[in-house]
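Student:
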Amino acid sequence: MSVPSPCIQICAMDTTSGYCQGCWRTLDEIAAWSTLSDPDKLRLWRVLRQRRETAAQITPKPVSDARKGTHGAPNPQD
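According to my numbering, the stretch in the sequence shown is residues 2 to 79, in order.
#1: Looking only at its own chain, which residues have a Cβ that is under 8 Å from the Cβ of G23, when we skip the five neighbours before and after it?
#2: Ends of the alpha helix (DSSP H) at P40?
#3: Provide the residue span of the alpha helix (DSSP H) that contains P29, from first to last.
#4: Using CA coordinates, which residue listed in D15, V4, D41 and W25 is at the minimum distance from R53?
What follows is the structure in structure tokens.
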């Protein structure tokens, strides 16, 4: 069995989290990928899924366009 890489060719590191914005791995995890065993790769896939789910829960939702005023600022009349 060959475990596919989580890389989706969006390679940009988030300076706040330290995770790649595409695959959610750290630089150390990216560097180590080719040397990991398949069971370790599968474990990392589970970690990455959890990271994405956690980030989705804490990421603020954008203000809807209907509530925006000029230049995307919230409308003070709301």
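C-beta atoms are modelled at their ideal positions from N, C-alpha and C, and glycine is treated no differently.
Tutor: In short:
#1: For the purposes of this step, residue 23 is identified with residue 22 of the sequence shown, where counting begins at 1. Taken in chain order, the residues that qualify are C8, I9, Q10, I11, C12 and A13.
#2: The sequence position of residue 40 within the sequence shown is 39, counting from 1. Counting along the chain, the alpha helix (DSSP H) containing P40 begins and ends at D39 to I59.
#3: By 1-based counting over the sequence shown, the position of residue 29 is 28. Pro is not the amino acid found at residue 29; the sequence shown has Asp there. It spans L28 to A33 - the alpha helix (DSSP H) in which D29 sits, taken as one unbroken run.
#4: Working through the sequence shown from its first residue, we reach residue 53 at position 52. Measuring from the Cα of R53, the nearest candidate turns out to be W25.
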